[in-house]
Amino acid sequence: MYTQQVMDHFTHPRNVGEIPDADGIGEVGNAKCGDIMKMYIKVKDGVIEDVKFKTYGCGSAIATSSIATEMIKGHTIEEALELSNKAVVEALGGLPTHKIHCSVLAEQSVKAAIADYYHRQGIDPAPIVGTIPACEGECHL
Amino acid sequence: MNRFIYADNAATTAVSTRVLDKMLPVLRDEYGNPSSLYGLGGRAKMLLDNARKQTAAALHAQPEEIYFTSCGTESDNWAIRGACELMEQKGKRHIVSTAFEHHAVLHTLQALEKKGYEVTYLDVHSDGLVRVEELKAALREDTGLVTVMFANNEIGTIQPIAEIGKICREKGVLFHTDAVQAVGQIPVDVRVQNIDLLSLSGHKLHAPKGVGALYIRKGIPLPNLMTGGAQERGRRPGTENTASIVALGEAVAAACETMEERARRLSSLRDALIEGALKAIPHSRVNGHREKRLPGNVNMCFEGVEGEALLLMLDQAGICASSGSACTSGSLDPSHVLLAIGLPHEVAHGSLRLSFGTETSMEDIEYILEKLPPIIQRLRDMSPLWERIIKEEQ
Numbered sequence: 111m112y113t114q115q116v117m118d119h120f121t122h123p124r125n126v127g128e129i130p131d132a133d134g135i136g137e138v139g140n141a142k143c144g145d146i147m148k149m150y151i152k153v154k155d156g157v158i159e160d161v162k163f164k165t166y167g168c169g170s171a172i173a174t175s176s177i178a179t180e181m182i183k184g185h186t187i188e189e190a191l192e193l194s195n196k197a198v199v200e201a202l203g204g205l206p207t208h209k210i211h212c213s214v215l216a217e218q219s220v221k222a223a224i225a226d227y228y229h230r231q232g233i234d235p236a237p238i239v240g241t242i243p244a245c246e247g248e249c250h251l
Numbered sequence: 034m035n036r037f038i039y040a041d042n043a044a045t046t047a048v049s050t051r052v053l054d055k056m057l058p059v060l061r062d063e064y065g066n067p068s069s070l071y072g073l074g075g076r077a078k079m080l081l082d083n084a085r086k087q088t089a090a091a092l093h094a095q096p097e098e099i100y101f102t103s104c105g106t107e108s109d110n111w112a113i114r115g116a117c118e119l120m121e122q123k124g125k126r127h128i129v130s131t132a133f134e135h136h137a138v139l140h141t142l143q144a145l146e147k148k149g150y151e152v153t154y155l156d157v158h159s160d161g162l163v164r165v166e167e168l169k170a171a172l173r174e175d176t177g178l179v180t181v182m183f184a185n186n187e188i189g190t191i192q193p194i195a196e197i198g199k200i201c202r203e204k205g206v207l208f209h210t211d212a213v214q215a216v217g218q219i220p221v222d223v224r225v226q227n228i229d230l231l232s233l234s235g236h237k238l239h240a241p242k243g244v245g246a247l248y249i250r251k252g253i254p255l256p257n258l259m260t261g262g263a264q265e266r267g268r269r270p271g272t273e274n275t276a277s278i279v280a281l282g283e284a285v286a287a288a289c290e291t292m293e294e295r296a297r298r299l300s301s302l303r304d305a306l307i308e309g310a311l312k313a314i315p316h317s318r319v320n321g322h323r324e325k326r327l328p329g330n331v332n333m334c335f336e337g338v339e340g341e342a343l344l345l346m347l348d349q350a351g352i353c354a355s356s357g358s359a360c361t362s363g364s365l366d367p368s369h370v371l372l373a374i375g376l377p378h379e380v381a382h383g384s385l386r387l388s389f390g391t392e393t394s395m396e397d398i399e400y401i402l403e404k405l406p407p408i409i410q411r412l413r414d415m416s417p418l419w420e421r422i423i424k425e426e427q
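If you read the protein sequences in the order shown, they are chains A and B.
Position one of the first sequence corresponds to residue 111 (our numbering), numbered consecutively onward.
Position one of the second sequence corresponds to residue 34 (our numbering), numbered consecutively onward.
See below:
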């Protein structure tokens with residue numbers, strides 16, 4: 111049911127781990143739903159120098175977070191904010207319909223990490239990043 | 034080196050050589066319609082009669098009490114919907130069941146609730162067992178049907194069927210049991226256990242998919258589910274699936290012949306797996322009563338990991354298993370069975386069911402015990418939930 115790309119990212123996830131001195135950390139999802147994504151970013155001169163993730167969830171949750179890290183690493187914050195769940199799905203060669211929500215989480219986890227980065231800089235992230243809906247278990251479409 | 038281990042026998046089983054040998058000649062040569070008068074039809078009819086005897090013998094029933102169906106789900110639907118029509122005639126509209134029935138039963142009951150029937154779902158407690166006193170207390174004047182599964186398909190717990198049957202018979206309430214997981218695995222005796230209606234399925238015991246049976250105790254005028262021809266003594270229309278019915282009869286007979294020895298062997302494999310996994314994997318637990326469970330059923334939860342990811346990794350190691358996580362059920366919630374025994378969602382998401390069968394060996398268990406702990410560890414290493422669990426522990 112999964113594409114080769116999904117299985118590749120699930121089997122060999124890129125950028126797994128933590129960044130101890132991260133400049134921004136974002137966590138989305140909740141245990142009740144069965145998936146949590148935690149994204150760490152290291153920013154230098156507006157560029158995401160390093161990114162690491164940890165994910166609790168199904169195969170596609172792990173694959174979407176893995177590919178999302180690849181898609182933003184080395185890019186500017188502005189570019190990372192452009193990352194859409196659709197782009198994540200396309201990069202993975204598609205996801206089963208009931209797994210699309212994993213790609214939404216991947217997008218949100220990047221945004222949450224950037225929001226945290228701005229927050230630490232003393233900048234209100236809301237006008238830049240927008241609001242990231244808190245997961246109340248309603249995200250499973 | 035990777036092995037291939039099929040540990041999902043509760044989902045379905047491979048058709049055995051013995052069954053296939055009986056079935057293939059029927060497919061090839063005995064194409065006659067059992068309702069036809071000429072010799073070819075008569076031979077097909079005899080094949081059905083023989084399969085009926087084999088099936089009846091396995092349940093300690095009479096052959097005329099066995100009706101072949103297309104699957105376990107059809108049997109469940111027929112039994113429950115038919116029983117409701119019967120009780121309606123007596124002005125009864127209350128049913129007693131459990132919260133962890135198979136969806137074939139549960140969704141049928143939910144459909145009946147929409148039609149105005151009232152259903153009491155008994156608690157199955159943390160050990161996955163119905164309490165007979167609670168069943169007794171749930172019975173009312175207008176209770177017309179009790180439907181409690183013989184053994185649970187996910188956690189394998191075996192219900193006190195004989196006690197339930199006794200109470201139902203005393204109170205004059207119809208008793209149906211979905212015995213799809215039980216027949217051929219543990220002793221079933223519809224006489225001793227006072228069972229009125231019993232559903233079984235072929236593909237759980239090495240017959241092919243698409244064949245099942247319903248036992249209807251003699252004298253119960255269960256209305257038909259479908260209308261049509263006069264097959265199955267006018268109670269289940271549709272030209273008989275002769276080859277599959279022959280397969281079912283042979284499979285049931287084979288399963289019963291080897292039941293005792295297999296039950297002993299599988300129980301020890303099951304216990305070895307459970308003990309090994311509990312020892313090797315911290316924050317793991319067994320779901321359902323440790324002894325009162327099907328010989329080949331293991332169901333465990335591993336905190337901090339999600340079931341689907343676990344299954345994918347086991348698959349890569351050549352191990353076929355299943356899980357009750359939301360992602361594998363394709364719904365919002367994890368398995369209703371695991372929720373019914375009181376597991377929180379986040380624990381239920383990390384469930385794993387291994388169900389062993391005739392082919393399972395001690396080498397398979399050792400292989401699973403070698404592969405499982407590092408897979409769990411790998412998933413935990415990348416799990417923020419596990420990180421939280423460990424932090425809270427410290």
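For every residue, glycine included, the Cβ atom is placed at its ideal position computed from N, Cα and C.
None of the values given here were measured: they were computed from a predicted structure.
Hey, is residue i's beta-carbon within less than 8 Å of any beta-carbon in chain B?
i	result
Thr-146 (chain A)	It is worth fixing the name first, because residue 146 (chain A) is Ile in this sequence and not Thr. For Ile-146 (chain A), the answer is yes, since a Cβ of chain B falls inside 8 Å of its Cβ.
Ile-177 (chain A)	no
Ala-132 (chain A)	no
Gly-167 (chain A)	yes
Val-126 (chain A)	yes
Thr-174 (chain A)	no
Ala-223 (chain A)	no
Lys-162 (chain A)	no
Ala-236 (chain A)	no
Ala-254 (chain A)	With chain A represented from 111 up to 251, any question about residue 254 (chain A) goes unanswered, as that position is not in the structure.
Ala-216 (chain A)	no
Lys-152 (chain A)	no
Can the beta-carbon of residue i be found closer than 8 Å to that of residue j?
i	j	result
Ile-191 (chain B)	Thr-210 (chain B)	no
Ile-374 (chain B)	Asn-320 (chain B)	yes
Thr-272 (chain B)	Asn-66 (chain B)	yes
Ile-146 (chain A)	Ala-342 (chain B)	no
Asn-110 (chain B)	Leu-258 (chain B)	yes
Gly-245 (chain B)	Leu-233 (chain B)	yes
Thr-176 (chain B)	Val-129 (chain B)	yes
Ala-132 (chain B)	Val-223 (chain B)	no
Ser-384 (chain B)	Ala-40 (chain B)	no
Val-59 (chain B)	Leu-73 (chain B)	no
Glu-187 (chain B)	Asn-42 (chain B)	no
Cys-360 (chain B)	Gly-144 (chain A)	yes
Under a Cβ-count criterion, where at least 16 other Cβ atoms within 10 Å of its own Cβ denotes burial, should residue i be classed as buried or exposed?
i	result
Phe-37 (chain B)	exposed
Pro-407 (chain B)	exposed
Pro-206 (chain A)	exposed
Lys-221 (chain A)	buried
Tyr-150 (chain B)	buried
Ile-233 (chain A)	exposed
Met-395 (chain B)	exposed
Gln-114 (chain A)	exposed
Gln-143 (chain B)	exposed
Arg-303 (chain B)	buried
Asp-414 (chain B)	exposed
Say whether chain A places a C-beta atom closer than 8 Å to the C-beta of residue i.
i	result
Ser-416 (chain B)	yes
Cys-360 (chain B)	yes
Leu-476 (chain B)	Outside the displayed span of chain B (34 to 427) sits residue 476 (chain B), for which this structure offers no information.
Gly-337 (chain B)	yes
Glu-187 (chain B)	no
His-382 (chain B)	yes
His-140 (chain B)	no
Ala-342 (chain B)	yes
Glu-425 (chain B)	no
Glu-420 (chain B)	yes
His-136 (chain B)	no
His-316 (chain B)	no
Leaving out the 5 sequence neighbours to the left and right, which residues in its chain are closer than 7 Å to residue i when beta-carbon positions are compared?
i	result
Arg-124 (chain A)	Ser-176, Thr-179 and Glu-180
Leu-162 (chain B)	Thr-190, Gln-192, His-322 and Lys-325
Glu-128 (chain A)	Tyr-150, Lys-162 and Lys-164
Asn-35 (chain B)	Ala-350 and Gly-351
Leu-238 (chain B)	Thr-46, Val-216, Gly-217, Ala-284, Val-285 and Ala-288
Glu-159 (chain A)	Lys-152 and Val-153
Val-505 (chain B)	Any property of residue 505 (chain B) remains undetermined from this structure, which presents chain B solely from 34 to 427.
Given residue i, which residues of its chain have a CB within under 6 Å of its CB, disregarding the five upstream and five downstream residues?
i	result
Cys-249 (chain A)	Annotation note: pLDDT 46 at Cys-249 (chain A) (below 50); position unreliable, coordinate value reported separately. Here the set comprises His-211.
Cys-201 (chain B)	Val-179 and Phe-208
His-229 (chain A)	Pro-235
For the ligand ADP, is there a heavy atom less than 7 Å away from the beta-carbon of residue i?
i	result
Glu-174 (chain B)	Questions concerning the ligand ADP fall outside what the structure shown contains, since it holds no ligand whatsoever.
Spatial neighbours of residue i within its chain, please: C-beta separation below 8 Å, excluding the five flanking residues on both sides.
i	result
Val-138 (chain B)	Asp-109, Ile-113, Ser-130, Thr-180, Met-182 and Asp-211
Gly-169 (chain A)	Tyr-112, Val-116, Met-117 and Phe-120
(request) With a floor of 4 residues, list each alpha helix (DSSP H) that falls wholly inside the segment 344-372 of chain B, ordered by position along the chain. (result) 359-362
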